[in-house]
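K.L.:
Quick one: this structure, given as structure tokens, is what I'll be asking you about.
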Amino acid sequence: MNKEIKVGIADMKIARREGVLITYALGSCIGISLYDPAIKLAALLHIMLPEAGSMSDMNVFKFADTGIHEMLRKMGAFGGVKRRYQCKIAGGAKMFDMKGAGGIGNIGERNIRSVEAIMMAEQIRILKKDVGLNYARTMLVDAEDGSVKIRTAGRPEIIL
Amino acid sequence: MKITRYEDMDDTAKDMMREIGSIGTGNAATALSSLLKTGVEMTVPKVEILGYNEAVDLLGHPEEIVSGVLVQMTGDVSGVMLFIMKLDFINEVLQCVLQENISGYEQMGEMEISASTEVGNIIISSYILSLSKLADMEISLSVPAFSVNMLGGIMTVPMAEFGYVSDKLMMITGKCIIGGRNVDSNLLMLPDIQSLNYLMDRLVTPYE
Numbered sequence: 001m002n003k004e005i006k007v008g009i010a011d012m013k014i015a016r017r018e019g020v021l022i023t024y025a026l027g028s029c030i031g032i033s034l035y036d037p038a039i040k041l042a043a044l045l046h047i048m049l050p051e052a053g054s055m056s057d058m059n060v061f062k063f064a065d066t067g068i069h070e071m072l073r074k075m076g077a078f079g080g081v082k083r084r085y086q087c088k089i090a091g092g093a094k095m096f097d098m099k100g101a102g103g104i105g106n107i108g109e110r111n112i113r114s115v116e117a118i119m120m121a122e123q124i125r126i127l128k129k130d131v132g133l134n135y136a137r138t139m140l141v142d143a144e145d146g147s148v149k150i151r152t153a154g155r156p157e158i159i160l
Numbered sequence: 161m162k163i164t165r166y167e168d169m170d171d172t173a174k175d176m177m178r179e180i181g182s183i184g185t186g187n188a189a190t191a192l193s194s195l196l197k198t199g200v201e202m203t204v205p206k207v208e209i210l211g212y213n214e215a216v217d218l219l220g221h222p223e224e225i226v227s228g229v230l231v232q233m234t235g236d237v238s239g240v241m242l243f244i245m246k247l248d249f250i251n252e253v254l255q256c257v258l259q260e261n262i263s264g265y266e267q268m269g270e271m272e273i274s275a276s277t278e279v280g281n282i283i284i285s286s287y288i289l290s291l292s293k294l295a296d297m298e299i300s301l302s303v304p305a306f307s308v309n310m311l312g313g314i315m316t317v318p319m320a321e322f323g324y325v326s327d328k329l330m331m332i333t334g335k336c337i338i339g340g341r342n343v344d345s346n347l348l349m350l351p352d353i354q355s356l357n358y359l360m361d362r363l364v365t366p367y368e
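Quick note, the sequences are listed as chains A and B, same order. So in the numbering used here, the last one in the first sequence is 160, and the numbering has no gaps at all. So in the numbering used here, the last one in the second sequence is 368, and the numbering has no gaps at all.
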């Protein structure tokens, strides 16, 4: 029986061997999953913004840069080895069609770019991604085998 | 009193927002009544400062499909307003304006979206009007944007906008009674922190 472990907004959870990490309704946010198949270690991070900037007293999991770094640190502490990690990402959608542009409309796009850049710097290859467009996604990561499922309204479930 | 985050708002500041909420609600009910050509009442709203996850849970389930009308404020106050409408609210509107009922959002065509957007826009404008009058400020509103999506997804837009300054959102919740039927009214009012401070200065008289 697979227990669902909820990952909230600006949150990160780790599971080992069993359990399904789930984060709901990724809009402009990005869900980042890392899986170490050798030790069946899974982590799911839900970030909102591309980078932390000068904010030091805020929740690190809110931002792609501080969030990913903390996730890597924690996974390492559990015995994870970076070069084995399988990375998959989802989200970064444009929820509202804002006429007249401005930052609020394209936060999803900025998040995608930030996550890609950070993973490249960490030398972790993003194996699969389901990003962009204009609908929200729910992301599930199975710690047993690292499989990732994406659920959206009105569309069939897909396996990344 | 300098506020750096919504959490810093003291009771006086919150009371001020409630006051604006009440007056805005009155205006909104009158304006809606006019548009829908039926009696509209709105209950005294509750103003809450909530964390992201709490806010989503208060409104329902993050995967629940809802509609949202988003408007940006500029001028003396800048920020974002988001009005969340569920299917029951939309149906009350469509019943009054188009004499029709829908069983799902996918049935919304151009007319239905237009009517729903207009309602959201009216409600948001009513609050802004009461705010600008009370504080004697000029506030401009953008053209409204409409979206039908998962609740959690829609909420990430204002959350991301304010993520750099706050972990909380300001929400005005109440009930809207249209033609005798009860629907929930949920408005997220998010002036940016600089504007909030400016507002507090204008509205709250310091007592010695």
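Just so you know, even glycine gets a beta-carbon here, dropped at the ideal spot from N, CA and C.
Only counting the same chain, and skipping five residues up and downstream in sequence, which positions put a Cβ closer than 6 angstroms to that of residue 273 of chain B?
P.N.:
Once the five neighbours on either side are set aside, the close Cβ partners of residue 273 of chain B are 306.
K.L.:
Residue 129 of chain A lies in the alpha helix (DSSP H); which residues open and close that run?
P.N.:
No alpha helix (DSSP H) holds residue 129 of chain A; the beta strand (DSSP E) holding it covers 126-131.
K.L.:
Looking at chain B, is there any beta carbon in it that lies within less than 8 angstroms of the beta carbon of residue 9 of chain A?
P.N.:
yes
K.L.:
Can you tell me whether residue 362 of chain B is helix, strand or coil according to DSSP?
P.N.:
helix
K.L.:
Using a Cβ-Cβ cutoff of 7 angstroms, what residues of the segment 304-319 of chain B are near chain A? List them in chain order.
P.N.:
305, 307, 309, 310, 311, 312, 313, 314, 316, 317, 319
K.L.:
Could you work out which residue in A:151, A:24, A:71, A:88 is closest to residue 81 of chain A when comparing CA atoms only?
P.N.:
A:71
K.L.:
Using 8 angstroms as the threshold, is the C-beta distance between residue 286 of chain B and residue 250 of chain B below it?
P.N.:
no
K.L.:
Any beta carbon of chain A sitting closer than 8 angstroms to that of residue 346 of chain B?
P.N.:
no
K.L.:
Can you name the residues that DSSP bridges to residue 115 of chain A?
P.N.:
In the DSSP output, where bridge partners are listed per residue, residue 115 of chain A has none listed.
K.L.:
For residue 129 of chain A, which residues in the same chain have their Cβ closer than 6 angstroms to its Cβ, ignoring the five residues on either side in sequence?
P.N.:
Closer than 6 angstroms at Cβ, skipping near neighbours: 89.
K.L.:
Please classify residue 351 of chain B: does DSSP put it in a helix, a strand, or coil?
P.N.:
strand
K.L.:
Within the 8 angstroms Cβ cut-off, does residue 28 of chain A reach chain B?
P.N.:
yes
K.L.:
Of the choices A:87, A:79, A:54, whose alpha-carbon is the least far from that of residue 68 of chain A?
P.N.:
A:87
K.L.:
Does any residue of chain A bring its CB to less than 8 angstroms from the CB of residue 222 of chain B?
P.N.:
yes
K.L.:
Taking the straight line between their C-alpha atoms, what separation do you get for residue 38 of chain A and residue 141 of chain A?
P.N.:
Whole-angstrom Cα-Cα distance: 16 angstroms.
K.L.:
Where do the ends of the alpha helix (DSSP H) carrying residue 105 of chain B lie?
P.N.:
Any question about residue 105 of chain B goes unanswered here, given that chain B covers just 161 to 368.
K.L.:
Please report the residue range of the alpha helix (DSSP H) in which residue 151 of chain A lies.
P.N.:
The continuous stretches of alpha helix (DSSP H) do not include residue 151 of chain A, which lies in the beta strand (DSSP E) extending over residues 148-151.
K.L.:
Using 8 angstroms as the threshold, is the segment 168-179 of chain B in touch with the segment 38-55 of chain A, meaning 3 or more CB pairs across them?
P.N.:
no
K.L.:
CB residue 313 of chain B to CB residue 21 of chain A, shorter than 8 angstroms?
P.N.:
no
K.L.:
Report back the beta-carbon spacing between residue 139 of chain A and residue 23 of chain A to the nearest angstrom; my notes put them in contact at under 8 angstroms.
P.N.:
5 angstroms
K.L.:
Residues of chain B with CB closer than 9 angstroms to the CB of residue 138 of chain A, please, in chain order.
P.N.:
222, 223, 310, 312
K.L.:
Note down, in chain order, each residue of its chain lying with its Cβ closer than 6 angstroms to the Cβ of residue 108 of chain A, except the 5 sequence neighbours on either side.
P.N.:
28, 92, 93, 94
K.L.:
What residues in its chain sit with their C-beta under 8 angstroms from that of residue 357 of chain B, if we drop five residues either side in the sequence?
P.N.:
162, 163
K.L.:
Classify residue 87 of chain A as helix, strand or coil using the three-state DSSP reduction.
P.N.:
strand
K.L.:
In the DSSP assignment, the beta strand (DSSP E) including residue 185 of chain B goes from what residue to what residue?
P.N.:
Where residue 185 of chain B is concerned, there is no enclosing beta strand (DSSP E), although the alpha helix (DSSP H) it sits in stretches over 171-196.
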